[in-house]
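Here the numbering used here = 1-based position in the sequence shown + 773. Beta carbons are placed, not taken as given, at the ideal position from N, Cα and C, and that holds for glycine. Keep in mind it's a predicted model, so treat the numbers as computed, not measured. Below is one structure, written out as structure tokens; comments come after it.
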Amino acid sequence: LDVRIGRSITEAGVRDNVSVAIRYIEAWLRGQGAVAIDNLMEDAATAEISRSQIWQWVQQDQRTSEGRQITREWVAELVDEAIAGFDRTEGDRYDDAAQVFTDVALGNDFPAFLTVPAYSRYLIDD
Numbered sequence: 774l775d776v777r778i779g780r781s782i783t784e785a786g787v788r789d790n791v792s793v794a795i796r797y798i799e800a801w802l803r804g805q806g807a808v809a810i811d812n813l814m815e816d817a818a819t820a821e822i823s824r825s826q827i828w829q830w831v832q833q834d835q836r837t838s839e840g841r842q843i844t845r846e847w848v849a850e851l852v853d854e855a856i857a858g859f860d861r862t863e864g865d866r867y868d869d870a871a872q873v874f875t876d877v878a879l880g881n882d883f884p885a886f887l888t889v890p891a892y893s894r895y896l897i898d899d
């Protein structure tokens, strides 16, 4: 299996991955399976690809084409920036979504699918 990065990674691409994943996870936590994001219909597969790329880039010490190293700390800053930039409403789940994204994209281990930890943490009553 060849896991080398074939194309350049841009800072805008990293930011988009963070934003799209969090926005989808937020909607998913509210019970939506498909969501319009940036004029495209997105589903869990989109968020899964986004978090998987982030996780892989962090693990492999990748840099953006602009020269920025993709670290856990930088991605965590991008998460905070994304959350601050969203239009918030009462009852939204952005904080929970950011935590799910952080857990599955920045952890040492790679969960099988991003929704697995979210189910047990947010959707199953004890």
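query: Expressed to the nearest angstrom, what Euclidean distance is found between the alpha-carbon atoms of Thr837 and Trp828?
result: Residue mapping note: residue 837 aligns to position 64 of the sequence shown, counting from 1. Residue mapping note: residue 828 aligns to position 55 of the sequence shown, counting from 1. So the alpha carbons of these two residues sit roughly 14 Å apart.
field: Residues near Ser792 in its chain [Cβ-Cβ closer than 7 Å; skip 5 each side]
entry: Residue mapping note: residue 792 aligns to position 19 of the sequence shown, counting from 1. Around Ser792: Ala855.
task: Give me whichever residues DSSP pairs with Glu815 in a beta bridge.
output: Here residue 815 corresponds to residue number 42 of the sequence shown, with the count starting at 1. Note: Glu815 sits in a beta bridge opposite Val808.
- request: Quick one: using the 10 Å Cβ neighbour count with 16 as the cut-off for buried, is Gln826 buried or exposed?
  value: The count along the sequence shown starts at 1 and reaches residue 826 at position 53. Per the 10 Å Cβ criterion, buried.
- request: List the whole-angstrom C-beta distance separating Tyr867 from Ile795, where the pair is believed to meet the contact cut-off of C-beta under 8 Å.
  value: Within the sequence shown, residue 867 is the residue found at index 94, counting from 1. Within the sequence shown, residue 795 is the residue found at index 22, counting from 1. About 7 Å separates the two Cβ atoms, so the contact holds.
- prompt: Would Ser823 be called buried (16 or more neighbouring beta carbons within 10 Å of its own) or exposed?
  reply: Residue numbering aside, residue 823 sits at position 50 when the sequence shown is read from its first letter. Label assigned to Ser823: buried.
Stretch-stretch touch, CB-based, cutoff 8 Å, three pairs: the segment 835–851 with the segment 798–810: no
query: Does the distance from the CB of Ala820 to the CB of Tyr797 come in under 7 Å?
result: Sequence index remark: in the sequence shown, residue 820 carries index 47 (1-based). Sequence index remark: in the sequence shown, residue 797 carries index 24 (1-based). Cβ atoms of Ala820 and Tyr797: closer than 7 Å.
task: Throw me the rounded Cβ distance for the Glu815 and Ala870 pair, which I believe falls under 8 Å.
output: Counting from 1 along the sequence shown, the entry for residue 815 is found at position 42. Counting from 1 along the sequence shown, the entry for residue 870 is found at position 97. Rounded, the Cβ-Cβ distance is 13 Å, inconsistent with contact.
task: Could you give the DSSP three-state label for Arg824: helix, strand or coil?
output: Counted from its first residue, the sequence shown places residue 824 at position 51. Helix.
query: Rounded to a whole number of angstroms, what is the C-alpha to C-alpha distance between Asp865 and Arg803?
result: On the sequence shown, position 92 is the one that residue 865 refers to. On the sequence shown, position 30 is the one that residue 803 refers to. One C-alpha to the other measures close to 8 Å.
- request: Under the assumption that Leu851 contacts Arg788 (Cβ atoms under 8 Å), give the Cβ distance between them as a whole number of angstroms.
  value: Mapped onto the sequence shown, residue 851 falls at position 78. Mapped onto the sequence shown, residue 788 falls at position 15. The pair is a contact, with the Cβ atoms about 6 Å apart (cut-off 8 Å).
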